[in-house]
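Report on the following structure.
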Amino acid sequence: MSVFRIREAAELLGVSDDTVRRWVDAGRLPAQRDAHGHRLVDGVDLAGFVRAQSAGPDEGAEFSSARNRLRGIVTAVVRDTVMAQVDIQAGPFRIVSLMSREAVDELGLTVGSVAVAVIKSTTVVVERSTPVGAARGRSQP
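To convert, count from 1 in the sequence shown and add 1; that's this note's numbering.
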């Protein structure tokens with residue numbers, strides 16, 4: 002069973018440690034204390050919490066079969082005569098899209114504008130990451 006310290010849960014959720022502590026203190030996210038008094042969140046509880054937070058439909062998703070939508074800020078636009086590269090920073094994730102220059106111009110994409118990267122793929126590679134706490138000898142599945 003995976004368990005996460007508050008800091009690790011915060012990192013996975015992309016929020017501050019204090020936000021996770023407030024959720025635990027408010028009873029929204031279950032946590033237990035270990036022998037040293039550190040609060041630990043069970044991986045199954047954390048996954049359930051995340052699912053509950055994202056239960057609503059994505060903005061604009063009702064008109065699209067794509068469900069992977071990452072809202073972020075455009076950090077770079079490189080154009081040539083036919084194609085363009087657009088870099089979007091969505092939280093900790095950098096998304097790079099290659100598209101026609103015409104599409105970039107029509108969308109008005111410039112550095113600093115807000116954009117949504119909509120990703121639909123028949124191939125998604127999933128890698129298992131070792132949680133930060135694994136190095137401290139906590140149990141992992």
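Every residue gets a Cβ at the ideal spot worked out from N, C-alpha and C, and that includes glycine.
Cβ-Cβ distance between residue i and residue j below 9 Å
{"i": "residue 96", "j": "residue 118", "result": "yes"}
{"i": "residue 115", "j": "residue 72", "result": "yes"}
{"i": "residue 27", "j": "residue 41", "result": "no"}
{"i": "residue 1", "j": "residue 80", "result": "Residue 1 cannot be examined here, being either before or after the span of the chain that is shown, 2 to 142."}
{"i": "residue 14", "j": "residue 51", "result": "yes"}
Coil, strand or helix - residue i by DSSP
{"i": "residue 71", "result": "strand"}
{"i": "residue 131", "result": "coil"}
{"i": "residue 105", "result": "helix"}
{"i": "residue 10", "result": "helix"}
{"i": "residue 123", "result": "coil"}
{"i": "residue 29", "result": "coil"}
Proximity test, Cβ basis, 9 Å: residue i and chain B
{"i": "residue 120", "result": "Protein chain content of the structure displayed is limited to a single chain, and chain B is not contained in it."}
N-terminal and C-terminal residue of the alpha helix (DSSP H) that residue i is part of
{"i": "residue 53", "result": "44–54"}
{"i": "residue 25", "result": "18–26"}
Between the CA atoms of residue j and residue i - distance to the nearest angstrom
{"i": "residue 92", "j": "residue 35", "result": "31 Å"}
{"i": "residue 39", "j": "residue 48", "result": "20 Å"}
{"i": "residue 88", "j": "residue 98", "result": "6 Å"}
{"i": "residue 65", "j": "residue 127", "result": "23 Å"}
{"i": "residue 20", "j": "residue 43", "result": "17 Å"}
{"i": "residue 121", "j": "residue 113", "result": "24 Å"}
Residue interval of the beta strand (DSSP E) (run including residue i)
{"i": "residue 99", "result": "94–101"}
{"i": "residue 6", "result": "4–6"}
{"i": "residue 117", "result": "115–120"}
At least three beta-carbon pairs within less than 8 Å, the segment 76–91 to the segment 43–57: The segment 76–91 is not in contact with the segment 43–57.
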